[in-house]
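Asker: My structure is below; once you've seen it, I'll send some questions.
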Amino acid sequence: MAFLSHVKWLYREFGLNSLYDTGRDAWLIILARCMRMVAFGTNSLILALFFSSLKFSDSYIGLFMTLTLIGDVLLSLLLTLVADRIGRRRVLFCGSVLMVISGAVFAYFENYWILLIAAVLGVISATGSDFGPFRAIEESILSGLTKPNTRAEVIAWYVTTATLGQSVGTEVAGRIVHHLQGREGWTLVDAYHGVFWMYSAMGGLNMVMMLLLSDKCEVKKKEEADDGEDAEGLLDGEEGELEEGQQSPMTPNTPTSQTPITSKPPKQKFFAQISKDTRSSMYKLWALLLIDSLADGMVPLSLTNYYLDQKFHLKKSTLGDITSAAYFLGFFGTIFAGPLSRRLGLVNTMVFTHLPSSAAVLLFSLPNNVPMCVILLLIRMGLNNMDQAPRTSLIAAIVRPEERTAIMGITSMLRTLASTTGPTVTGVLAGRGRFWIAFVVAGALRIAYDLGLWAIFVNLKLHVHEEEKDGNGEVQMRQIRDSGRERMNDEEELGDLVGDSDDESESGRSSEDFKRERKGVDLSDGK
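Here the sequence shown is numbered in the UniProt record's numbering, starting from 1 and rising by one per residue.
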């Protein structure tokens, strides 16, 4: 009985019950991303090394990554803004097809410009991260499939399995390169080509996963029809939400003097089509994310591996082992993102897990020995991804449900755009023998992001729009109250090793206790 109590507590503590209850579509999306990150993990190890083996200069390597990221920006912006119109599953399937094609091109060709075209127009992760059209759409789908009280836990597993995929990808890539290079007649470049075939195969598996998704992944018609001002066109160019103090849209009885009739519809800014409350919060968050993404773009793992290779001349298998261990440590770290978010709040979890990682980036170039560099890399990667699930949950809690796909697409686009200048700057610094400066600047920028995020968003009230959808928010409060009560029961049960459930005692509470608890429910972050 005591053992079952432990298992039950772990099952709920780490959000496995939330993941199970979300259903089959969430499982498929998480599995698809895990396989995709296996492919992207191979890139984080070999891409810069592949170009170096082809005798491309450091500045050309940095330029390649910058232009590839620009291509990701354009592709992400195009596909995420039309995803709700033409179908999210179709867009994800098309992205998988582009992934297959890009991998095949890299497996066949060695010409710089052909590879650049394939990377810009297709889907090649230049940094090993999940840039491109997939993530924003998948996060929007998961946000729609989950409830506010389970969202952080489900997205935490979305991030956790992705980190595990990256770990597997880097380890497998290092072993494949080491094995193929040792075979008679195989050069180092040939071994890299072999790894890109695996990249293409992972894209094919992603295609299969997208075909298995149900129509629950598509935007709900009800959401599009709710609240005329909200439904009038995130993606369709119609007039957006009325600003405070504006007149209502014209009806047959509205005087023409209020809104002159013109032959052309009035021009509108794209961001004006997003609600005022959403814009007010997201402008601040976007500004901070630009800083963080610029820093990440300067020292992506692909360039970090290149730095270690240039500084210490490690074997490719050893480099793969180090990178895989870093990702694997990150996998364990992200498991705790859900429980920490529940206890500390979304913003506190983001800041206090990301800040030590930022400090590790700042100090990374100081040691002149492999062990200390590896320790700093493990700290960086072990904590680096713990803010991803809370960040996605934070955005989902800020914006209206019908705005999520577009907002997350814009967020992904802006983050990728900010990352584009980073590799070029680092490439120039590396070419001049000043590679270490990139890590110092990136670490300082990341710390500035962490402190700014905490100062601005720690007291922000969340889930306001979802509360509106349920009238007075009673449904959401009951869900969160019941979830918290359920976990408290499990912890009490684990503490005294009592096998009997406390549900009966809970149901016997007086109405006065219930009202007192309900007053204590606060939907704000960390409160």
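All residues carry an ideal CB built from backbone N, CA and C; glycine is no exception.
Does the contact criterion of 3 or more C-beta pairs under 8 Å hold for the segment 435 to 444 versus the segment 72 to 83?
Answerer: Because the criterion of three Cβ pairs below 8 Å is not met, the segment 435 to 444 and the segment 72 to 83 do not touch.
Asker: Three-state secondary structure (DSSP) at tryptophan 286?
Answerer: Note: tryptophan 286 maps to helix in three-state DSSP.
Asker: Nearest by alpha-carbon distance to threonine 424: which of Asp387, Thr318, Leu294 is it?
Answerer: That would be Leu294, whose Cα lies nearest to the Cα of threonine 424.
Asker: Answer with buried or exposed for serine 214, where buried requires no fewer than 16 other C-beta atoms within 10 angstroms of its C-beta.
Answerer: Answer is exposed; the Cβ neighbour count stays below 16.
Asker: Between which residues of its own chain and leucine 63 is the CB-CB distance below 7 Å, once the five residues before and five after are set aside?
Answerer: So the list reads Thr424, Gly427, once near-sequence residues are dropped.
Asker: Counting only runs of 4+ residues fully inside the segment 291 to 327, write out the alpha helix (DSSP H) ranges in chain order.
Answerer: Runs of the alpha helix (DSSP H) inside the segment 291 to 327: 301 to 312.
Asker: Here's the rule I'm using: 16 or more other beta-carbon atoms within 10 Å means buried, otherwise exposed. How should arginine 135 be labelled?
Answerer: Per the 10 Å Cβ criterion, buried.
Asker: Which ranges would you report for the alpha helix (DSSP H) in the segment 410 to 448 if only whole runs of at least 4 residues count?
Answerer: Correct list: 421 to 431.
Asker: Across the segment 360 to 367 and the segment 163 to 183, are there enough close Cβ pairs to call them in contact, namely three or more that are closer than 8 Å?
Answerer: These segments do not touch.
Asker: If contacts are defined as beta-carbon pairs under 8 Å, then threonine 323 and threonine 170 qualify, I think. What distance do you get, rounded to the angstrom?
Answerer: About 4 Å; that satisfies the 8 Å criterion.
Asker: Measuring CA to CA, which of Gly433, Leu417, Asn348 is closest to lysine 311?
Answerer: Closest option to lysine 311, Cα to Cα, is Gly433.
Asker: Could you give the DSSP three-state label for arginine 183: helix, strand or coil?
Answerer: Three-state DSSP puts arginine 183 in coil, outside helix and strand.
Asker: Within its chain, find whatever has a CB closer than 6 Å to the CB of leucine 378; leave out the 5 residues flanking it on each side and keep chain order.
Answerer: Closer than 6 Å at the Cβ level, and outside the excluded window around leucine 378, lie Ala326, Leu329.
Asker: Where do the N-terminal and C-terminal ends of the alpha helix (DSSP H) with arginine 380 fall, by residue?
Answerer: First-last of the alpha helix (DSSP H) with arginine 380: 370 to 384.
Asker: Comparing alpha-carbon positions, which option in Leu98, Ala337, Ala396, Leu285 lies nearest alanine 201?
Answerer: When only C-alpha atoms are compared, the closest one is Leu98.
Asker: Once DSSP output is grouped into helix, strand and coil, what is the label at residue 529?
Answerer: Since the first residue of the chain shown is 1 and the last is 527, residue 529 is not available in this structure.
Asker: Restricting to runs no shorter than 3 residues, where is the beta strand (DSSP E) found entirely within the segment 148 to 224?
Answerer: Segments of the beta strand (DSSP E) lying fully in the segment 148 to 224: there are none.
Asker: Please state whether the Cβ-Cβ distance between aspartate 296 and serine 76 is less than 9 Å.
Answerer: No. Outside cutoff.
Asker: Look at the alpha carbon of arginine 89 and the alpha carbon of serine 96, and state the distance between them as a whole number of angstroms.
Answerer: Rounded to whole angstroms, arginine 89 to serine 96 spans 11 Å at the Cα level.
Asker: Give every residue of the same chain whose Cβ lies closer than 7 Å to the Cβ of tryptophan 157, excluding the five residues on either side of it in the sequence, and list them in chain order.
Answerer: So the qualifying residues of the chain are Gly15, Leu19, Ile30.
Asker: Straight-line CA distance for valine 172 to phenylalanine 336?
Answerer: Computed Cα separation, rounded: 26 Å.
Asker: Does the distance from the C-beta atom of leucine 47 to that of isoleucine 117 stay below 9 Å?
Answerer: No, the Cβ-Cβ distance between leucine 47 and isoleucine 117 is not below 9 Å.
Asker: Going by alpha carbons, who is nearest to glycine 194 out of Arg404, His178, Ile407, Ser44?
Answerer: Among Arg404, His178, Ile407, Ser44, the Cα nearest to that of glycine 194 belongs to His178.
Asker: Could you please give the first and the last residue of the uninterrupted alpha helix (DSSP H) stretch that includes proline 367?
Answerer: No alpha helix (DSSP H) holds proline 367; DSSP gives it neither H nor E.
Asker: Which of the three DSSP states, helix, strand or coil, is assigned to glycine 62?
Answerer: The answer is helix: DSSP assigns glycine 62 an H, G or I state.
Asker: Out of Leu355, Arg33, Ser57, which has the shortest C-alpha to C-alpha gap to leucine 429?
Answerer: For the residues Leu355, Arg33, Ser57, the minimum Cα distance to leucine 429 belongs to Ser57.
Asker: Determine the contact status of arginine 24 and glycine 165, defining contact as a CB-CB distance below 9 Å.
Answerer: No; because the gap between Cβ atoms is not below 9 Å, this pair is not in contact.
Asker: Does any residue of chain D bring its CB to less than 9 Å from the CB of glycine 128?
Answerer: Absence of chain D from the displayed structure is noted, only one protein chain being present.
Asker: Looking at the structure shown, is leucine 74 part of a helix, part of a strand, or coil, going by DSSP?
Answerer: In this structure, leucine 74 counts as helix in the three-state DSSP scheme.
Asker: Find the nearest neighbour of glycine 71 within the set Pro133, Thr278, Glu110, Arg12, judged by alpha-carbon distance.
Answerer: Nearest option by C-alpha distance: Pro133.
Asker: Straight-line CA distance for proline 390 to isoleucine 101?
Answerer: Approximately 33 Å between the Cα atoms of the pair.
Asker: Quick check: phenylalanine 331 and threonine 160, are their CB atoms within less than 9 Å of each other?
Answerer: Against a cut-off of 9 Å, the Cβ pair of threonine 160 and phenylalanine 331 comes out as a contact.
Asker: If you count every other CB in all the chains shown that lies within 10 Å of the CB of leucine 211, and 16 or more means buried, which is it?
Answerer: By the neighbour-count rule (16 or more Cβ atoms within 10 Å), leucine 211 is not buried but exposed.
Asker: Could you tell me the distance, in whole angstroms, from the CA atom of leucine 376 to the CA atom of valine 219?
Answerer: Between leucine 376 and valine 219, the C-alpha separation is close to 43 Å.
Asker: Could you check the C-alpha separation between leucine 74 and methionine 413 for me, to the nearest Å?
Answerer: Roughly 8 Å between the two C-alpha positions.
Asker: Can you find the residues in the same chain that come closer than 6 Å, C-beta to C-beta, to proline 249, ignoring five residues on each side of it along the sequence?
Answerer: In this prediction, proline 249 scores a pLDDT of 43, lower than 50, which makes its location untrustworthy; the coordinate-derived value is nonetheless stated afterwards. Nothing meets the Cβ criterion.
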